[in-house]
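Heads up, the thing below is written out as structure tokens.
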Amino acid sequence: MTTALAGLLGGYYWVWSRSRFVRLIDALPGPNPLPLLGNILDLLKFSPDGDPWKKRRRMLNPAFHFQNLNGFLDIFNDLSLDYAAKIERIILGTASSTGCQEIDVHPIMSLLALDLFAVYEPWLRLDWIYKLSSLYRQELQLLSSNAVAMNKIIQSRREFLKQNADKYSSQSSEYLANNNNVGEGDTLSRPKERLTFLDLLLKASEENPDDLNDEVLSNEVCLFIAGSIDTAAVAMAWFLYLMAKCPEHQQLVMDELNLIFGDSDRPVTAHDLTRLKYLECCIKETLRLYPPFPVIFRYLTEEVQIGDYILPKDITVLVNIYGTHRNAEFFPDPDSFKPERFLPENSVDRHPYVFIPFSAGVRNCIAPKYAMMEMKVALANLLRRLKFSLSDPSGPLQTPAIHFMLKPKDGKFNLIVSKRLGLS
Ligand code: HEM
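With this note's numbering, letter number 221 in the sequence shown gets 415, and the count goes up by one each step, no holes.
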């Protein structure tokens with residue numbers, strides 16, 4: 195009996211080891227892969243099912259349409275100015291006689307990114323729900339598993355929409371219908387009340403209770419929180435580090451800001467955003483050197499040919515965003531901070547998939563424009579008021595480490611911050 199079983203297993207292994215799948219895998223350079231281990235999540239059925247995702251994504255896309263983004267400018271301005279003032283108070287409270295102070299900017303950027311995200315969830319700005327946001331602040335890492343908090347948010351928003359039915363009634367469907375075919379050049383119009391992505395989901399869940407039950411809604415909320423807060427916080431902290439490390443580039447950004455704003459402390463407008471070209475180049479170069487998600491994963495549903503190799507279907511591959519961004523063929527002198535690479539005249543011949551901080555293809559980030567806009571406004575306002583430097587700017591740029599996202603090895607972004615003269 196045992197011999198027969200061993201014979202069967204041996205026969206199965208002999209056939210399997212000569213299969214096309216194994217031959218293709220063996221032909222790939224590098225260490226021997228472990229096919230079963232690599233796809234264990236698929237075996238356990240943890241991988242997302244394509245169709246429900248497609249439906250939900252289609253429902254959510256309009257919420258991030260260009261047309262809706264300008265409505266967030268005021269609040270982006272208010273919040274980033276609040277944070278610039280908070281940092282000024284920290285500096286003044288502890289400043290040495292030199293008028294500057296070394297601080298880790300990452301926790302501050304995390305709070306700012308969290309507040310910027312809460313714009314999309316206005317209920318978090320209500321006092322009684324606000325308590326939840328302090329829970330968020332303390333337990334940011336645990337948020338994605340906090341089903342109870344998620345359910346409370348979903349239920350309270352549902353209740354809120356019911357009580358304000360006159361303002362919101364049937365607006366979601368109208369809004370979706372009206373916004374699905376709008377081009378970037380269309381005039382900016384806004385719905386009566388600002389709809390959040392959760393409102394769209396709640397409305398859709400009334401119409402499709404099976405596809406969008408409370409558990410699915412809760413997962414979507416978690417996905418947004420995980421996808422939006424730390425990414426923007428880390429990107430802004432790396433940007434400030436690079437400004438501190440490369441004062442000549444900080445000066446060029448300041449020249450642009452001075453040209454546009456002069457001594458005025460007015461907020462950033464939609465028109466200003468189109469003129470902040472060098473700042474945008476610096477943000478892009480930051481995302482190239484330090485993409486918050488250095489790698490992403492894709493499950494192959496069909497064979498893919500890459501150069502001389504064929505990747506078989508039914509495997510999970512890792513897309514190395516960090517490595518792609520530092521490929522000297524596309525980015526000469528890849529380890530240096532050179533924002534000029536992203537000037538329009540230097541970007542014309544660049545392949546669209548060599549710069550992919552927001553991923554690419556159908557499963558890319560849902561909110562790249564929103565993210566770029568919030569970062570531009572926040573960083574412009576911070577730099578107009580504060581100057582960033584390093585105690586020792588010599589040496590090469592930091593080599594990052596993966597702490598889920600790409601961060602400095604010790605996880606700290608210690609920068610010397612001082613108040614700029616001129617603006618009160
Ligand atoms: C610097 C800022 C950001 C970066 C670098 C970034 C990057 C990314 C990347 C690389 C992915 C794809 C992950 C994958 O393919 O496995 C992703 C997905 C996603 N991001 Fe972002 N993101 C940023 C900001 C935001 C913001 C502000 C939001 C929401 C307000 C957001 C919401 C999402 C969501 C919901 C997904 C999942 C999309 C889906 O699976 O359909 N992200 N992001």
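We put the beta carbon where it would ideally sit given N, CA and C, even for glycine.
Cβ of residue 610 versus every heavy atom of the ligand HEM: is any distance shorter than 7 Å? no
Considering only C-alpha positions, which residue in the set 597, 484, 493 is nearest to residue 518? 484
Pull up the DSSP beta-bridge partners for residue 294, would you. 612
Just list the residues that DSSP pairs residue 511 with in beta bridges. 492
Is any heavy atom of the ligand HEM found at a distance shorter than 7 Å from the C-beta of residue 431? no
Enumerate in chain order the residues of its own chain whose CB-to-CB distance from residue 275 is below 7 Å, with the five nearest sequence positions on each side excluded. 575
Three-state secondary structure (DSSP) of residue 274: helix
Same chain, Cβ closer than 7 Å to residue 564, five either side skipped, listed in chain order: 258, 263
Mapping the DSSP letters down to three states, classify residue 266 as helix, strand or coil. helix
Own chain partners of residue 550 with C-beta closer than 6 Å, once the 5 adjacent residues on each side are dropped: 515
Where residue 309 falls, given that 16 or more other Cβ within 10 Å makes a residue buried: buried
DSSP state of residue 370 mapped onto helix, strand, coil: The pLDDT assigned to residue 370 is 43, lower than 50, so where the model puts this residue is not dependable, and the model offers no usable value.
Leaving aside the five residues before and after residue 463 along the sequence, list all residues of the same chain whose C-beta is less than 8 Å from its C-beta, in chain order. 267
So if DSSP puts residue 650 in a beta bridge, which residue, or which two residues, is it bridged to? Residue 650 is absent from the structure shown; the chain starts at 195 and stops at 618.
Contact set for residue 336: own chain, Cβ-Cβ below 8 Å, skip 5 residues either direction: Per-residue confidence for residue 336 stands at a pLDDT of 48, beneath the threshold of 50, marking its modelled position as unreliable; no derived number is given.
What are the partner residues of residue 596, as DSSP defines its beta bridges? 600
Candidates 544, 613, 597, 599: which alpha carbon is nearest residue 583's? 613
State the start and end residues of the unbroken alpha helix (DSSP H) segment that holds residue 215. 214-221
Just to check, is the beta-carbon of residue 598 closer than 7 Å to a non-hydrogen atom of the ligand HEM? no
Taking residue 256 as the reference, which of 561, 472, 271 has the closest Cα? 561
Please name the residue, chosen from 545, 608, 405, that lies closest to residue 246 on a Cα-to-Cα basis. 405
Is there contact between the segment 450-464 and the segment 587-603, where contact requires at least three CB pairs shorter than 8 Å? no
Leaving out five residues before and five after residue 592 in sequence, what residues of the same chain have Cβ atoms less than 6 Å from its Cβ? 602
Endpoints, the beta strand (DSSP E) within which residue 582 is located: 580-583
Same chain only: Cβ atoms within 8 Å of residue 221, ignoring 5 sequence neighbours per side: 503, 504
Quick check on this structure: which residue in 204, 558, 569, 351 has the alpha carbon closest to the alpha carbon of residue 470? 569
Going along the chain, which residues of its own chain have a beta-carbon closer than 6 Å to the beta-carbon of residue 329, five neighbours each way excluded? For residue 329, the pLDDT reaches just 46, beneath the cut-off of 50, and the residue's location in the model is therefore unreliable, leaving the point undetermined.
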